[in-house]
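**Q** Using the working numbering, read the sequence shown as starting at 44 and increasing by one per residue. Dropping a structure here in structure tokens format, bear with me for questions.
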Amino acid sequence: MGASDCQRAKFALLQALNDKEPEVREAAARWLEKIHEEDALNNTVPK
């Protein structure tokens, strides 16, 4: 997945945080948390 695809996916998840369905909001929050953790690992591990 290219960088722009990742940005679009993150944006879609951010938009899902405002969904009317609680299950959708909760799932989006979990995915965003996982992505944030992965990004943090990728930015701290020497390459």
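Just so it is clear, CB atoms sit at the ideal spot from N, CA and C, and this is done for glycine as well.
1. Are the CB atoms of Arg68 and Ala59 nearer to each other than 8 angstroms?
2. Which residues bound the alpha helix (DSSP H) around Lys91?
3. How many Å lie between Leu84 and Trp74 at the Cα?
**A** Straight from the coordinates:
1. Between Arg68 and Ala59, the C-beta gap is smaller than 8 angstroms, which places the two residues in contact.
2. There is simply no residue 91 to check, as the chain begins at 44 and stops at 90 in what is shown.
3. Going by the C-alpha atoms only, they are around 15 angstroms apart.
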